[in-house]
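Participant: Right, I'll just put the structure down here and ask away after.
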Ligand SMILES: CC(C)(COP(=O)(O)OP(=O)(O)OC[C@H]1O[C@@H](n2cnc3c(N)ncnc32)[C@H](O)[C@@H]1OP(=O)(O)O)[C@@H](O)C(=O)NCCC(=O)NCCS
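What follows is the structure, encoded as structure tokens:
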């Protein structure tokens, strides 16, 4: 019998193996992955499909900001074991996840994917034309589904993760730390591996400026 339940921490290895099988290594290069990498999914919104003790499907949702001021969720990756496809497992996971997101009060869900598949769950590019996902070249793949009527009406701007700065932090305890409230126009740079206490920001009116530090591309000083 197929069961859909919340993911547990002990499911992580099986989930990762399933994602490797479904997508291969390119999964780490997907634009959506940049918003997910190093972050935790939205609370209570990671699900697995289990059959006879084996994980045969996975889906997770992540907190993002659609444009500067609209909270939304990003769905993905969705994957079903290749040996168990076309039995409705993907659809069951999608419906379960969307119901749970609506019940938790979320307003809208975005994803990067095929409208031919996700259209059946209410996703379309109708209201995502003025949004973009950094790195996603084909804008028609950015799809949205409103859980509350008109939640995506008029939204424009980049889809960004709601955590500011490198969210992995570090295992080093903070010492001599001061708390600071950042506002529009402030710039905070946190080098990789430096511990910090940021977990989220309120999206209201804040423009994101993201610097990526590329350790493989060091310019010589002149
Ligand atoms: C997409 C995926 C999650 C569907 O899982 P599933 O359990 O087979 O889904 P369901 O049983 O609910 O639906 C299967 C139907 O969706 C169709 N389908 C699957 N992927 C599709 C796609 N990318 N575009 C259009 N239709 C698709 C199947 O052909 C099948 O059609 P049918 O019902 O007419 O036979 C699964 O194929 C998967 O893990 N794929 C690897 C990841 C991937 O390629 N994702 C692409 C979406 S962006």
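In our numbering, the protein residues as written are 59 to 280. C-beta atoms are modelled at their ideal positions from N, C-alpha and C, and glycine is treated no differently.
(1) If the criterion is Cβ atoms closer than 7 Å, does the pair residue 214 and residue 188 meet it?
(2) Please report the straight-line C-alpha distance between residue 145 and residue 81, rounded to a whole angstrom.
(3) Please list the terminal residues of the continuous alpha helix (DSSP H) segment that includes residue 90.
(4) At a cut-off of 6 Å, would you count residue 143 as near ligand 1, judging by its Cβ distance to the nearest heavy atom?
(5) Roughly how many angstroms separate the alpha carbons of residue 101 and residue 113, rounded to a whole number?
(6) Where does residue 166 fall in DSSP's three states?
(7) 7 Å is my cut-off, CB to CB: does residue 112 come that close to chain B?
(8) Would DSSP call residue 213 helix, strand or coil?
(9) With 16 as the cutoff for other CB atoms within 10 Å, does residue 65 come out buried or exposed?
(10) Quick check on residue 211: buried or exposed, where buried means 16 or more other Cβ atoms within 10 Å of its Cβ?
(11) Between the region 86–106 and the region 114–123, do at least 3 Cβ pairs fall closer than 8 Å?
(12) For residue 87, tell me which candidate among 170, 246, 203 has the shortest Cα-Cα distance.
(13) Is DSSP giving residue 67 helix, strand or coil here?
(14) If you drop the 5 nearest sequence neighbours on each side, which residues of the same chain put their C-beta closer than 8 Å to that of residue 217?
(15) What are the residues that DSSP puts in a beta bridge with residue 107?
(16) Name the DSSP bridge partner or partners of residue 151?
Facilitator: Per the coordinate set shown:
(1) yes
(2) 19 Å
(3) 89–94
(4) yes
(5) 20 Å
(6) strand
(7) Absence of chain B from the displayed structure is noted, only one protein chain being present.
(8) coil
(9) buried
(10) exposed
(11) yes
(12) 170
(13) helix
(14) 93, 122, 123, 124, 125, 130, 132, 168, 189, 190, 191, 192, 200
(15) 62, 115
(16) BP columns for residue 151 are empty, so no partner.
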